[in-house]
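As numbered in our numbering, residues 6 to 441 make up the sequence shown, in order. The beta-carbon is built from N, C-alpha and C at its ideal position, and this holds for glycine as well.
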Amino acid sequence: MSTDALSALKAAVQAAFTIVPVTADGAPAALRDATDLRLSAALTLPKSTPTRLRKPGAASTATDPTEQSDAFFTLGAVWLAWQLRDAGGADYMKQAREAGLAVGFVSVTERKGIVEWLEGRAPAPASLVPLAESTTPPGTPPPSAYYKTLGGGPTPSRHGASHTGSSAPFSSSSSKRRYVPDSADVDVVKKIRQNEVELRDRNTVLRGVKPNNFTSVRTVFSAKLKSLKEAKKPGAAPAAAATPAPDPVMQARKQKNKYPIIMISSSPTSLITMHNVRKFLQDATFEPSADARARAAAEGNTRPEDMIPIYRNRTTIDSSGREVSLSQRYYVVDSVEALNKFGADAWDRVVCVLTTGQAWQFRPYKWTEPRSLFHHVKGIYVSWTNDPPNGKIKDWNVTELKIDPHRRHVDKSTVAHFWKMLDTWTVHNKPSLMKT
């Protein structure tokens, strides 16, 4: 008769035997590298041996570890739970993964009950499948030790014979009698189980209580995906338009009016001016405004443009999971006069205002109060990294953008942070201005 791995492990634990993971040649090793577990001086079992402990979420009809091994914990997993019985939850799961048990280890919620059962301090857990026949673990004392009477009296044997305390051990029977539970005990156990509350972990709670069939959803989307694939094939007939084709002139005019606008301060002391804004936002390099003005004058450009287009490449993920690179255009202005050239809805397209912290900048704006202005647009306060905090802007609902006065290699991260903030605000407040 084969040895029950779980009973052998329990006997070794209660006998305080030092259980050691070993390799195929018997050398001690870590659990990841070991192939077997030495449970006694005469017994070594493979660590992958399935035990009678059923995994959470496994069907209650799974009762044979040999035939349904995936539904039961392995001997190595149960031993590791006992070995790390005093470890914290996070440390236990970390060591379980390092031991090669990324899946299939005993959960933290079940570990305590299993450890107490192995040590004989608690009844068997509900997930334990009972033995069809009782199995004597290795190292168990002979039956005579259990029937030894006081004073060396006679000891009854299984075959009806009597032996004294010094008599030879009983001969093992070729077949063992099946355990028949008492009917009163069965009724008590049924009442206890009716009041039990089953603990659930993050794995079992996602399984649900009934199977879900998503065939109808798959059928609907399969037809849509098929039509999309056929439409992309070369030579495929274009799909019939559900609505009349829009006027190309009106469509181009509408698209032209969708470019977002960034307003900056016209103050000559501002860090970002019309002289250096393109190089900063488009090329991610900060150039002092005086240097940019002198360079433009040397090239014959004495006055900057009143509307500067900024082209920015933005990477997005489409519905099919592919990366798509889009070119987004912005316009930068520093005055209301230049803004009015975009039409009556120009203020609806303003997504950001760069401020120096001076309230006079907002006097000609649609919203002259800073708190009201930065409720409708994204506010950015631009300053040097070594500037002290500006107490005037603490109630303005603006975000500070710090520019390093010397380290130009950090300009790219500064500009990337600016675009990330602006994209997040635009998607939530004016999504129609984002190109998709």
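Rounded separation between residue i and residue j - CA only
| i | j | result |
| --- | --- | --- |
| residue 414 | residue 289 | 10 Å |
| residue 170 | residue 205 | Low local confidence applies: a pLDDT of 44 at residue 170 is under 50, so the model's placement there is unreliable, with the coordinate-based value given in what follows. For residue 170 and residue 205, the distance between alpha carbons rounds to 50 Å. |
| residue 294 | residue 281 | 6 Å |
| residue 168 | residue 44 | Because the pLDDT of residue 168 is 44, which lies under 50, any placement of that residue in the model is unreliable, and the number read from its coordinates should be weighed accordingly. Computed Cα separation, rounded: 31 Å. |
| residue 229 | residue 326 | 17 Å |
| residue 380 | residue 431 | 13 Å |
| residue 17 | residue 24 | 7 Å |
| residue 67 | residue 239 | 54 Å |
| residue 283 | residue 374 | 28 Å |
| residue 438 | residue 114 | 51 Å |
| residue 198 | residue 190 | 12 Å |
| residue 224 | residue 235 | 17 Å |
| residue 209 | residue 349 | 59 Å |
| residue 227 | residue 220 | 10 Å |
| residue 96 | residue 38 | 20 Å |
| residue 321 | residue 440 | 10 Å |
| residue 378 | residue 363 | 14 Å |
| residue 130 | residue 94 | 20 Å |
| residue 424 | residue 394 | 23 Å |
| residue 177 | residue 7 | Reliability fails at residue 177, whose pLDDT of 46 lies under 50, so the model's placement of it is uncertain and the value that follows must be treated cautiously. Rounded to whole angstroms, residue 177 to residue 7 spans 14 Å at the Cα level. |
| residue 433 | residue 426 | 11 Å |
| residue 192 | residue 201 | 15 Å |
| residue 402 | residue 263 | 25 Å |
Nearest residue (CA-CA) to residue i, options the options
| i | options | result |
| --- | --- | --- |
| residue 411 | 378, 201, 390 | 390 |
| residue 407 | 422, 400, 397 | 422 |
| residue 77 | 57, 93, 87 | 57 |
| residue 203 | 227, 118, 275 | 118 |
| residue 366 | 274, 237, 297, 33 | 274 |
| residue 74 | 90, 95, 52, 89 | 52 |
| residue 387 | 377, 409, 373, 374 | 409 |
| residue 312 | 302, 301, 347, 436 | 347 |
| residue 49 | 11, 200, 127 | 11 |
| residue 116 | 102, 91, 106, 99 | 91 |
| residue 306 | 291, 279, 89 | 279 |
| residue 265 | 193, 435, 300 | 435 |
Sub-8 Å separation of residue i and residue j beta-carbons
| i | j | result |
| --- | --- | --- |
| residue 333 | residue 319 | yes |
| residue 133 | residue 84 | no |
| residue 335 | residue 267 | yes |
| residue 385 | residue 357 | yes |
| residue 371 | residue 352 | yes |
| residue 40 | residue 55 | no |
| residue 233 | residue 420 | no |
| residue 136 | residue 323 | no |
| residue 277 | residue 359 | yes |
| residue 36 | residue 104 | yes |
| residue 121 | residue 19 | no |
| residue 272 | residue 361 | yes |
| residue 269 | residue 329 | no |
| residue 309 | residue 341 | no |
| residue 400 | residue 376 | yes |
| residue 291 | residue 416 | yes |
Reduced DSSP category for residue i - H, G, I as helix; E, B as strand; rest coil
| i | result |
| --- | --- |
| residue 99 | helix |
| residue 122 | helix |
| residue 112 | coil |
| residue 170 | In this prediction, residue 170 has a pLDDT of 44, which is less than 50 and means its spatial position is unreliable; what the coordinates show is noted afterwards. Here residue 170 sits in coil by DSSP. |
| residue 317 | strand |
| residue 405 | strand |
| residue 158 | Confidence at residue 158 is low in this model, with a pLDDT of 45, below 50, so its placement is unreliable and no value can be given for it. |
| residue 365 | helix |
| residue 383 | strand |
| residue 153 | Below a pLDDT of 50, predicted positions are generally treated as unreliable, and residue 153, at 43, falls in that range; the measurement from the model is reported next regardless. Three-state result, residue 153: coil. |
| residue 338 | strand |
| residue 307 | coil |
| residue 285 | helix |
| residue 221 | helix |
| residue 84 | helix |
| residue 185 | coil |
| residue 163 | With a pLDDT of only 43 at residue 163, under 50, the local geometry of the prediction cannot be trusted, and no value is derived from it. |
| residue 59 | strand |
| residue 205 | coil |
Residue-chain proximity (residue i, chain D), Cβ-Cβ < 8 Å
| i | result |
| --- | --- |
| residue 283 | No chain D is part of this structure, which consists of one protein chain only. |
heavy atom of the ligand ADP below 7 Å from residue i C-beta
| i | result |
| --- | --- |
| residue 182 | Of the ligands one can find in the structure shown there are none, so the ligand ADP has no counterpart to examine. |
Is the segment 71-88 in contact with the segment 108-116, if contact means three or more CB pairs nearer than 8 Å?
-> yes
State whether the segment 56-68 contacts the segment 27-36, with contact taken as three or more CB pairs (one from each stretch) at a distance under 8 Å.
-> no
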